[in-house]
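J.:
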Amino acid sequence: MRITIDQDKCVASGQCVTAAMDVFDQRDEDGIVVLLTSTPPAELADDVRQAAILCPALAIHIEE
Amino acid sequence: MTETLNQAEIPQFPMARAAGCPFDPPPTLKALQEEGPLVKVRLWDGRTPWLVTRHAEQRALLADPRVSADITRPGYPGQTPISGGSPLSFILMDDPEHARLRRMVTAPFAVKRVEALRPVVQKIVDELIDDLLAGPKPVDLVEAFALPVPSLVICELLGVPYSDHDFFQDNSKTIVKRDVTPEQRAAAGGRLAEYLGDLVGRKLADPGDDLLSQLAGRVKAGELSQREAAQMGVLLLIAGHETTANMIALGTLALLQHPHQLALLRESDDPKLVAGAVEELLRYLNITHSGRRRVALEDIEIAGQVIRAGDGLIMANDIGNRDAATFPDPDELDIRRDARLHVAFGFGVHQCLGQPLARMELQVVYSTLYRRIPTLRAATDLDQISFKHDGQVYGVYELPVTW
């Protein structure tokens, strides 16, 4: 799994952090998404998929 | 073809709920959902926008950049006449201006910042429950608990003196009511904007560690006018307490009507179960029952239908959250289901800014109130309770409880 994020689209909903906090974080100044790892371990794959589905701005892209 | 449709056949929106079913969307709305994902409805002003009834299409359209939230565009399906004095905020604007303004206020709603506030919220909730237990009963849960919790929290976050809460609660109630004149709504909005404008002015001179002080900093830097900063304050103040207060009171009433579900919640100390219960109650109750309003910027093909540029759209999220295709047995309240895909906070770039805060507040409330007052019960019959059918935010006006 390879993740890319689009910070320009991000609306700082934080849903990705709630779903997978070892993969996603937020910038202190405005809550915009920060990717902690673009290749998460397999056991986090479901959480990452959940994060992508929940993201209201469709800012998370996953290549399986 | 819609053009040939008999005008009289187009149903009026919004519709009334069924008597005795305060938690369910109107039956006519359910029937329309069965008819199709997109149906025409008639509004108060004779306009006939599309009503989007199903969850998948609502999510798709709310996230579609060809769909605009700009209330000033022709074709926008307004709930009431648009008055020049209405507070215009970024929730009624499109990107890039929407994103520019929204990003100025997103920092305090980041998940870690919200989690850092959890002990503060827990203390507020515990103290209010101490007061409840020490006071007379029955008591109105709305006035004594449901309203003060989010009011105290948003005042803390914004840096608004809580001693002024009567003033802003009265005015924000006027703004979210359906049955007030545009003049009354504008006047209430004007009073709040003036109040927040003064406060921003004071924070300019004497900044603190709060959101209004940060906005004042933006004013100082020339990124925002003082009026814009005040309008953002108005939005956050209203959104920050009307919605959560209604979720606390209506959620409590719904749980009291579903004692098995309440027992599950009361007897579990698993934060995941509590978080899931909050999502399910958000889905089931869907207190923002007026729909998300939009207008199409281009022709959009969806679900075998063509939405024309300029057509109004209403995403009826209450019925979307009861869509059986996404939520099996949608009319059952089941706090153990996975309800996270609900659209109670909307979807797309306008999704509720305060949702992490709202979720955390509700988690604290639902995991504390029923455990500390295990015998909590309604002090009146369901048919004696007055529901906010007339508001933009659904809930109860009063909830007398005892224990």
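Chains as they are written, first to last, in this note's numbering: chain A, 1 to 64; chain B, 1 to 403. Yeah, the Cβ is synthetic: ideal placement off N, Cα and C, and Gly gets one too. None of the values given here were measured: they were computed from a predicted structure.
(1) Quick one: which residues of the region 338-357 of chain B get their C-beta closer than 9 Å to a C-beta of chain A? List them in chain order.
(2) With 9 Å set as the bound, which would you pick, yes or no: does the beta-carbon of B:L282 sit closer than that to a beta-carbon of chain A?
(3) Run through the region 154-224 of chain B for me and flag every whole alpha helix (DSSP H) of 4 or more residues, listed as ranges in chain order.
(4) Would you be able to state if there are at least three C-beta pairs under 8 Å between the region 287-302 of chain B and the region 64-81 of chain B?
(5) Let me make sure I understand the geometry here. Which of B:S367, B:L147 and B:K388 has the alpha-carbon closest to that of B:P271?
(6) At the 9 Å Cβ level, is A:E43 part of the contact set with chain B, yes or no?
(7) How would you write the range of the beta strand (DSSP E) that B:E301 sits in, first residue to last?
(8) Please decide whether A:R49 counts as near chain B, where near means a Cβ-Cβ distance under 9 Å.
(9) Under the three-state reduction of DSSP, which class applies to B:A296: helix, strand or coil?
(10) To which residues of the same chain is B:L117 closer than 6 Å at the C-beta, ignoring the five residues directly before and after it?
(11) Rounded to a whole number of angstroms, what is the C-alpha to C-alpha distance between B:Q122 and B:E301?
(12) For chain B, is any of its Cβ atoms less than 9 Å away from the one on A:P40?
(13) Establish whether the CB of B:S86 and some CB of chain A are separated by less than 9 Å.
(14) Going by DSSP in three states, B:V105 sits in which element: helix, strand or coil?
(15) Please determine, among B:W44, B:P356 and B:A230, the residue with the shortest C-alpha to C-alpha distance to B:I10.
(16) Say yes only if the C-beta of B:V111 is nearer than 8 Å to one or more non-hydrogen atoms of the ligand NAP, and no if none qualify.
(17) Provide the residue span of the beta strand (DSSP E) that contains B:L365, from first to last.
(18) Flag B:F109 as yes if its beta-carbon sits less than 9 Å from any beta-carbon of chain A, otherwise no.
(19) How long is the line joining the alpha carbons of A:D47 and B:G135, rounded to whole angstroms?
(20) Give a yes or no on whether the C-beta atoms belonging to B:L51 and B:L38 are separated by under 9 Å.
(21) Classify B:Y195: buried if its beta carbon has 16 or more other beta carbons within 10 angstroms, exposed otherwise.
T.: Straight from the coordinates:
(1) Of all residues in the region 338-357 of chain B, the ones placed with a Cβ closer than 9 Å to any Cβ belonging to chain A are R340, L341, F345, G346, F347, G348, V349, H350, Q351, C352, L353, Q355 and P356, in chain order.
(2) With its beta carbon at least 9 Å from every one in chain A, B:L282 lies outside the interface.
(3) Counting only runs of 4 or more, we get 165-176, 182-205 and 211-220.
(4) With the cut-off at 8 Å, the region 64-81 of chain B and the region 287-302 of chain B touch.
(5) For B:P271, the closest C-alpha among the options B:S367, B:L147 and B:K388 is that of B:S367.
(6) No, because no Cβ of chain B sits closer than 9 Å to the Cβ of A:E43.
(7) I300 to I302 is the extent of the beta strand (DSSP E) around B:E301.
(8) With its beta carbon at least 9 Å from every one in chain B, A:R49 lies outside the interface.
(9) B:A296: strand per DSSP, three-state reduction.
(10) Taken in chain order, the list of residues that qualify is empty.
(11) So the two alpha carbons sit approximately 48 Å from each other.
(12) By this cut-off, A:P40 is not an interface position.
(13) Residue confidence is low: B:S86 scores 49 on pLDDT, short of 50, so the model does not pin down where it sits. No coordinate-derived value is stated.
(14) For B:V105, the three-state secondary structure derived from DSSP is coil.
(15) Of B:W44, B:P356 and B:A230, the smallest CA-CA separation from B:I10 is found for B:W44.
(16) The ligand NAP is not part of the structure shown, which contains no ligands of any sort.
(17) Note that residue 365 of chain B is Val in the sequence shown here, rather than Leu. For B:V365, there is no enclosing beta strand (DSSP E); the enclosing alpha helix (DSSP H) covers residues Q355 to R372.
(18) It does; some Cβ of chain A falls within 9 Å.
(19) Inter-residue distance for A:D47 and B:G135 is about 45 Å (C-alpha atoms, whole angstroms).
(20) In contact: B:L51 and B:L38 (Cβ atoms closer than 9 Å).
(21) Buried is the call here.
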